[in-house]
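To start, the structure itself, in structure tokens.
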Amino acid sequence: MIALDDSAQVLQLVNTVKKHFPHLHIVARAHGLDDTYELMDAGVLHVYRETIDASLRAGTDALKIMGVRAYTAQRAYDLFLQHDEKSLKKMAAARHDRKQYLNVLRKKIEELETLIQSDIHENSIHTHTGRDMSEIRKEDEEAVEQ
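Residue numbers are given in numbering that gives the first Met the number 0: position 106 of the sequence shown equals residue 105, and the series is strictly consecutive.
Put into structure tokens, the structure is as follows:
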């Protein structure tokens, strides 16, 4: 497990470990996309991006606060993460060609829009919460007024 604050040190440690212990599985934390790409290039199979988990957990909690059932919110988390990880590999492969990279990003956005629309139709918030969103908004407004 490698979780250092200095990205250059992380990469240096990865290269050293891979040189001396080539069969060792490395789990590494990345600070951003550039760090993620570099770790993937170095052969790290288990790269964990700092911001993705916190962002998805915040989104999941926001859905639950809005009245979406926990399992539905978790399903949205799982679907997004699966899509993001699949897209990440394509983005990493295309990142040195700006035109190709932008095409991959556009496709990622289109696929995500389709995924969201499909999930909305299959898992309507009204169906899962049994509540009208106007009722939830009214409760939120009343809470703010207090």
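Virtual Cβ for every residue (Gly too), placed ideally from N, Cα, C. All values reported here derive from a predicted model rather than from experimental measurement.
Taking all protein chains shown into account, do 16 or more other C-beta atoms lie within 10 angstroms of the C-beta of residue i, making it buried, or fewer, making it exposed?
i    : result
R97  : exposed
Q81  : exposed
I25  : buried
L44  : exposed
T113 : exposed
A27  : buried
In angstroms with no decimal places, state the Cα-to-Cα distance between residue i and residue j.
i    : j    : result
M90  : A69  : 31 Å
D33  : P21  : 23 Å
G58  : K17  : 36 Å
L3   : T50  : 15 Å
K106 : A41  : 26 Å
A61  : E37  : 32 Å
Q11  : R94  : 22 Å
L55  : E84  : 13 Å
E6   : G31  : Glu is not the amino acid found at residue 6; the sequence shown has Ser there. Straight-line Cα distance between these residues: approximately 10 Å.
L111 : F79  : 8 Å
N14  : Q99  : 28 Å
H19  : E109 : 43 Å
If you drop the 5 nearest sequence neighbours on each side, which residues of the same chain put their C-beta closer than 7 Å to that of residue i?
i    : result
R48  : A29 and T35
M39  : V46 and A91
L23  : V16
M0   : V26
S117 : none
Give me whichever residues DSSP pairs with residue i in a beta bridge.
i   : result
V26 : H45
Using a Cβ-Cβ cutoff of less than 8 Å, which residues in the same chain neighbour residue i once the five nearest sequence positions on both sides are dropped?
i   : result
K63 : A69 and A72
Y76 : L55, R56, G58 and T59
Suppose only complete runs of 3+ residues qualify. What are the beta strand (DSSP E) ranges in the segment 79-122, listed by chain order? none
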